[in-house]
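Residue numbers (my numbering): 74 to 229.
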């Protein structure tokens, strides 16, 4: 018997082909037509390397987030500044990794309840199964939440 939740992520070769175009397009007015996508621009915590990562942009209860198994998510543990290019605009934000698998399970259940197909979440879920913490641990999915960054006060 197969697992009730399995990965159906896009092939790495496809991502290597699409990501350069998405990195460019999401920073331009063309990004307005891609409401479900965003480009995260941030600096690596340890390496200092600049990253530009196209992601699937989600929102639940007014809070934007990304659900990902990618290792780069560790850059947001404890919170980090990020420039989010979404719908043709740039937004300075604070991104915070929620390392709790239950938070990822709640996010997936919320999206499914709103009619988002499971394949758009990068997984195939059995019809009679309710996504739980163990599923998210096994698939290594975690949530990164985004909040508007408050401008720092200017000194007199």
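Virtual Cβ for every residue (Gly too), placed ideally from N, Cα, C.
Endpoints, the alpha helix (DSSP H) within which residue i is located
{"i": "residue 189", "result": "From DSSP, residue 189 is part of no alpha helix (DSSP H); its letter is neither H nor E."}
Per DSSP, the bridge partner or partners of residue i
{"i": "residue 111", "result": "128 and 159"}
{"i": "residue 221", "result": "166"}
{"i": "residue 138", "result": "131 and 218"}
{"i": "residue 197", "result": "79"}
{"i": "residue 153", "result": "168"}
{"i": "residue 123", "result": "116"}
Option in the options with minimal Cα separation from residue i
{"i": "residue 164", "options": "154, 96, 195 and 95", "result": "154"}
{"i": "residue 121", "options": "87, 199 and 148", "result": "148"}
{"i": "residue 103", "options": "160, 133 and 117", "result": "160"}
{"i": "residue 138", "options": "123, 101 and 183", "result": "183"}
{"i": "residue 124", "options": "167, 134 and 113", "result": "113"}
{"i": "residue 89", "options": "127, 101, 119 and 76", "result": "127"}
{"i": "residue 217", "options": "130, 98 and 186", "result": "130"}
{"i": "residue 31", "options": "185, 97 and 202", "result": "Residue 31 lies beyond the stretch modelled for the chain, which goes from 74 to 229, so this question has no answer here."}
{"i": "residue 219", "options": "198, 168, 109 and 189", "result": "168"}
{"i": "residue 76", "options": "211, 222, 215 and 87", "result": "211"}
Where residue i falls: helix, strand or coil (DSSP)
{"i": "residue 78", "result": "strand"}
{"i": "residue 208", "result": "helix"}
{"i": "residue 102", "result": "helix"}
{"i": "residue 143", "result": "coil"}
Residue span of the beta strand (DSSP E) that contains residue i, given as start and end
{"i": "residue 85", "result": "Taken as a continuous stretch (DSSP letters only), residue 85 belongs to no beta strand (DSSP E), being part of the alpha helix (DSSP H) at 85-98."}
7 angstroms Cβ cutoff, residue i in contact with chain B
{"i": "residue 142", "result": "This model lacks chain B altogether, as it is built from one protein chain only."}
Anticipated Cβ contact below 8 angstroms, residue i with residue j, distance rounded
{"i": "residue 178", "j": "residue 208", "result": "7 angstroms"}
{"i": "residue 236", "j": "residue 181", "result": "Residue 236 lies beyond the range of the chain shown here (74 to 229); nothing can be said about it."}
{"i": "residue 78", "j": "residue 196", "result": "5 angstroms"}
{"i": "residue 141", "j": "residue 214", "result": "7 angstroms"}
{"i": "residue 205", "j": "residue 198", "result": "That pair is no contact at about 11 angstroms."}
{"i": "residue 172", "j": "residue 150", "result": "7 angstroms"}
Residue i beta carbon near the ligand MG (any heavy atom closer than 6 angstroms)
{"i": "residue 215", "result": "The ligand MG is not among the ligands present in this structure, which contains no ligands whatsoever."}
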